[in-house]
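Taking it in order: structure first as structure tokens, then the write-up.
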Amino acid sequence: MAPTLNVKQATGNQSSWNTLLPDFPKGPLSKYRKKASFNWKEMAMFLDGEDIIRLKNRIFSALESDPFFARHPGEELSREKYQELTFLRCKRLFEYDFLTQQEIMENPLKILNLVICIGMYDWSPCLQFFLHCGVFGGTILSASKRFANFVKKIYNMEIFGCFALTELSHGTNTKGIRTTATFDHNTQEFIINSPDFEAAKFWVGNMGKHATHAIVYAQLYTPDGQCQGLHSFIVQIRDTKTLLPMPGVMVGDIGKKIGQNGLDNGFAMFHNVRIPKENILNITGDVSPEGKYSSSFTDVKERFSAALGSLSTGRILITAVSATNLKLALSIAIRFSATRRQFGPTDEEEIPVIEYQTQQWRLLPYLAAAYALDYFSKSLFENFVEFYAGLLTKQKSQRQADLGREIHALSAASKPLSSWTAQQAAQECREACGGHGYLAMNRLGEIRNDNDPNCTYEGDNNVLLQQTSNYLMSWMNCIRNKVPFESPLGTINFLQDYHHIIGWKFKANSVDDCMDSSAPLAAYKWLVCYLLRESDLKLRKEKQSGHSDFEAKNNCQVYFCRSLAIAFVEQTVLQRYHDYTHDPNIPSTLQPVLKNLCALYGLWSLSKHLAVLYQGGYVSGEQAGRFIQNAILELCSRLKDDAVALVDVFAPPDFILNSPIGKASGELYKNMWAEILQGNKALSRPSWWAEFCINKPVTGRLSSRL
Numbered sequence: 001m002a003p004t005l006n007v008k009q010a011t012g013n014q015s016s017w018n019t020l021l022p023d024f025p026k027g028p029l030s031k032y033r034k035k036a037s038f039n040w041k042e043m044a045m046f047l048d049g050e051d052i053i054r055l056k057n058r059i060f061s062a063l064e065s066d067p068f069f070a071r072h073p074g075e076e077l078s079r080e081k082y083q084e085l086t087f088l089r090c091k092r093l094f095e096y097d098f099l100t101q102q103e104i105m106e107n108p109l110k111i112l113n114l115v116i117c118i119g120m121y122d123w124s125p126c127l128q129f130f131l132h133c134g135v136f137g138g139t140i141l142s143a144s145k146r147f148a149n150f151v152k153k154i155y156n157m158e159i160f161g162c163f164a165l166t167e168l169s170h171g172t173n174t175k176g177i178r179t180t181a182t183f184d185h186n187t188q189e190f191i192i193n194s195p196d197f198e199a200a201k202f203w204v205g206n207m208g209k210h211a212t213h214a215i216v217y218a219q220l221y222t223p224d225g226q227c228q229g230l231h232s233f234i235v236q237i238r239d240t241k242t243l244l245p246m247p248g249v250m251v252g253d254i255g256k257k258i259g260q261n262g263l264d265n266g267f268a269m270f271h272n273v274r275i276p277k278e279n280i281l282n283i284t285g286d287v288s289p290e291g292k293y294s295s296s297f298t299d300v301k302e303r304f305s306a307a308l309g310s311l312s313t314g315r316i317l318i319t320a321v322s323a324t325n326l327k328l329a330l331s332i333a334i335r336f337s338a339t340r341r342q343f344g345p346t347d348e349e350e351i352p353v354i355e356y357q358t359q360q361w362r363l364l365p366y367l368a369a370a371y372a373l374d375y376f377s378k379s380l381f382e383n384f385v386e387f388y389a390g391l392l393t394k395q396k397s398q399r400q401a402d403l404g405r406e407i408h409a410l411s412a413a414s415k416p417l418s419s420w421t422a423q424q425a426a427q428e429c430r431e432a433c434g435g436h437g438y439l440a441m442n443r444l445g446e447i448r449n450d451n452d453p454n455c456t457y458e459g460d461n462n463v464l465l466q467q468t469s470n471y472l473m474s475w476m477n478c479i480r481n482k483v484p485f486e487s488p489l490g491t492i493n494f495l496q497d498y499h500h501i502i503g504w505k506f507k508a509n510s511v512d513d514c515m516d517s518s519a520p521l522a523a524y525k526w527l528v529c530y531l532l533r534e535s536d537l538k539l540r541k542e543k544q545s546g547h548s549d550f551e552a553k554n555n556c557q558v559y560f561c562r563s564l565a566i567a568f569v570e571q572t573v574l575q576r577y578h579d580y581t582h583d584p585n586i587p588s589t590l591q592p593v594l595k596n597l598c599a600l601y602g603l604w605s606l607s608k609h610l611a612v613l614y615q616g617g618y619v620s621g622e623q624a625g626r627f628i629q630n631a632i633l634e635l636c637s638r639l640k641d642d643a644v645a646l647v648d649v650f651a652p653p654d655f656i657l658n659s660p661i662g663k664a665s666g667e668l669y670k671n672m673w674a675e676i677l678q679g680n681k682a683l684s685r686p687s688w689w690a691e692f693c694i695n696k697p698v699t700g701r702l703s704s705r706l
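Residue numbers (the UniProt record's numbering): 1 to 706.
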């Protein structure tokens, strides 16, 4: 496994920790904070480092003191007002300019932390900002130096961008995109057209109300009538001085969504829209003035993959965004669980609900997942930074190509894993907080709804997993023929021992044997090898039965390739987190709790595959399954007293978290009551009071209409 996020000592001394990380207020949570086996400040300094914590503090402090970001209890904004406020907040982010280019170059993780910090406040302005600067700007930046003028305008906000790939009738099937770009060699222009309304660009973030320019994906046609495949073009869609549509462009807003309603998702249709020849993003190919097409990629599949390379950026970001939503939901639910008292051993004594085994089992595995996925998302981001640097320097090496394939396979599976985990956790946290979790002010519904699209955009999760399984299946010939192979990040290197691993058996003879993450890690290696073998056999049988490649692959997804991709990414996350938590350089004061988190994540994830472990013969007898289950419960019990401190490590300030039941004080009822009474209409008579008091119904008056 390639080294990632090198282990570092907690920087600074106790005095600097206290300056950067102030003590929490005394209150109902103090009891559990005192029980913790580690110092939460040391953990925070160890995981992030002083530089990142200073950045977080700077961002959080700026947002809290800025009237544009003020919170108003009980306020219900109209969608139009929310979109306006989102844009104003996005403008403020430009004005703050939290990071210089030099800071980003010195530590690229700072840009990821910037996105996370803003997103913790509200994902709508965060995504609006990132779609413009990161996706729109980043794609143009990686194309060619001829777009330098565009890049300057992007970061000065002279123009505002969006990324227009999806169409009304085609999303995940990007090869089915029908927008066309036809080169006119007489005028040296491309003509952009939407064949019909089903080919309208759709779901495009920032396009609904304010984007002035779009990266439009279209099928490129040369003057000889040949389609050269999917390419991207910069198209102006609105006038920068009036925000009115450009000639030939019909652009608008698609309407209210389940969540993220500050972000204006839009649609656009094009009718003979002419753009300069230079506006083709020549990442994968270009057209000469005479209309001749050329590309540095001889393989059509490689060219298509390179054309969609920007999507890996989004998937890696979504992996981190989802892990952040997971942390937000857990911060609320675990603090609530440590202060909410219900029932007890006697009628006179009520105990915190976190003391109940069921509550621990419902929440603490997700806490372990939050730590594992947070580490993985940051390490994958650093892998992508290496790949992106290669793109900018126009590297054409085999390693660069292999690195791109591996990152694509990882991000295509990590997005589903992280987004699904966060979605399930948000719902579990909502239910674990009972009725109070259903109250909008406590934010769990917002977190769940804002996370929901992560399961779909930048590629439907179930379809993305096929790309990962295809990558894994591509190594089967090497495995069968025992040809040595390896990948740049080392994620598939263990498959070289496939013939040995496939014969492994579960070795644990007790619960204690399962208490280290090495036990589930070994099981995962076997599981991936087994599912790879079974998927390969299934595919070959389907083809031998006369099915086409399309039919055969379609018939191999459920219980085979889909399970393979999920097992592989879970194994990869666990492997990285295992290597990290078992590093001898980790402070001895922190390592035990980190190892417990790693073991719990591994066993809890593995327990979902128990049926396959039995089916394939890796485990046998009822004791093996019981060992795994009892180890999960034992680890939950061990982590129970550390849970509050573990969320203290990553929970943002109260202003950012914005949840009365999740506040750091733990004064759950006082905080809720105060928020309720601050609502501007909490105590007011309804405007429709006369409908009850004066306008009484006449019973049966409408029965004749039945």
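For each residue, glycine too, the CB sits at the ideal point set by N, CA and C.
- Boundaries of the beta strand (DSSP E) harbouring E189: E189 to N193, taken from the DSSP string.
- For H578, the uninterrupted alpha helix (DSSP H) segment begins and ends at R562 to T581.
- When C-alpha distances from N585 are compared across R89, L531, T179 and F46, the shortest belongs to F46.
- Under the three-state reduction of DSSP, C227 is assigned to strand.
- Residue state for A218 is assigned as strand, using DSSP reduced to three classes.
- Taking C-beta atoms under 8 Å as the contact rule, F38 and D642 qualify, at a distance of about 7 Å.
- For F129, the enclosing alpha helix (DSSP H) covers residues W123 to F130.
- Taking 8 Å as the cut-off, the beta carbon of L489 is found closer than this to the beta carbon of E406.
- In this structure, the beta-carbon distance from V385 to P125 does not fall below 8 Å.
- Around the beta carbon of K663, 16 or more other beta carbons sit within 10 angstroms, so the residue counts as buried.
- Every alpha helix (DSSP H) of 4 residues or more that sits fully in the stretch 62-97 is shown, in chain order, as 79-96.
- With respect to the C-alpha of K277, the residue from Q226, L311, S232 and N57 having the closest C-alpha is S232.
- DSSP places Q236 within a strand segment (E or B) once states are collapsed to three.
- The DSSP assignment places 161-164 and 180-184 as complete runs of the beta strand (DSSP E) inside the stretch 137-188, in order along the chain (cut-off: 3 residues).
- Secondary structure at P686: coil, using DSSP grouped into helix, strand and coil.
- A direct Cα-to-Cα measurement between P453 and N186 gives close to 44 Å.
- Under the DSSP assignment, D450 falls in the alpha helix (DSSP H) whose first and last residues are L444 to N451.
- By the Cβ criterion, the stretch 329-348 is in contact with the stretch 22-35, since at least three pairs of Cβ atoms, one from each stretch, lie closer than 8 Å.
- Non-local C-beta neighbours of Y82 in its own chain, meaning closer than 7 Å and more than five positions away in sequence, comprise N261 and G262, ordered along the chain.
- Residue pairing by DSSP places E349 opposite T346 in a beta bridge.
- Distance between S144 and K394, taken at the CA atoms: about 10 Å.
- Excluding five sequence positions before and after P652, the CB atoms of its chain that fall closer than 7 Å to its own CB belong to F60 and M120, given in chain order.
- Secondary structure at F550: helix, using DSSP grouped into helix, strand and coil.
- Contact between A44 and V644 does not hold, since their C-beta atoms are separated by about 14 Å, which reaches or exceeds 8 Å.
- Cβ contact annotation for I116 (same chain, cutoff 7 Å, sequence separation greater than five): A320 and T324, in chain order.
- Contact between I192 and F270 holds, with the beta-carbon distance rounding to 4 Å and staying under 8 Å.
- A contact between stretches requires three or more CB pairs, one per stretch, nearer than 8 Å, and the stretch 549-562 fails this requirement with the stretch 376-391.
- For the 8 Å CB-CB criterion, G459 and R685 do not form a contact.
- With 16 or more other Cβ atoms inside 10 Å of its own Cβ, A426 counts as buried.
- Between C636 and W361 a beta carbon distance of about 6 Å is seen, short of the 8 Å cut, so the two are scored as contacting.
- Between L633 and A523 the beta-carbon gap is near 18 Å, outside 8 Å, which marks them as no contact.
- Taking C-beta separations shorter than 6 Å and ignoring five residues to either side along the sequence, the partners of I53 in its chain run L20, following chain order.
- Around the Cβ of Q678, a 10 Å sphere holds fewer than 16 other Cβ atoms; the residue is exposed.
- Assignment of A268 by DSSP, reduced to helix, strand and coil, places it in the strand class.
- Of the residues assessed, M105 falls on the exposed side of the cut-off, its CB having fewer than 16 other CB atoms within 10 angstroms.
- Taking P484 as the centre and dropping the five residues before and after it, the same chain places the C-beta of Q496 closer than 7 Å to its C-beta, in chain order.
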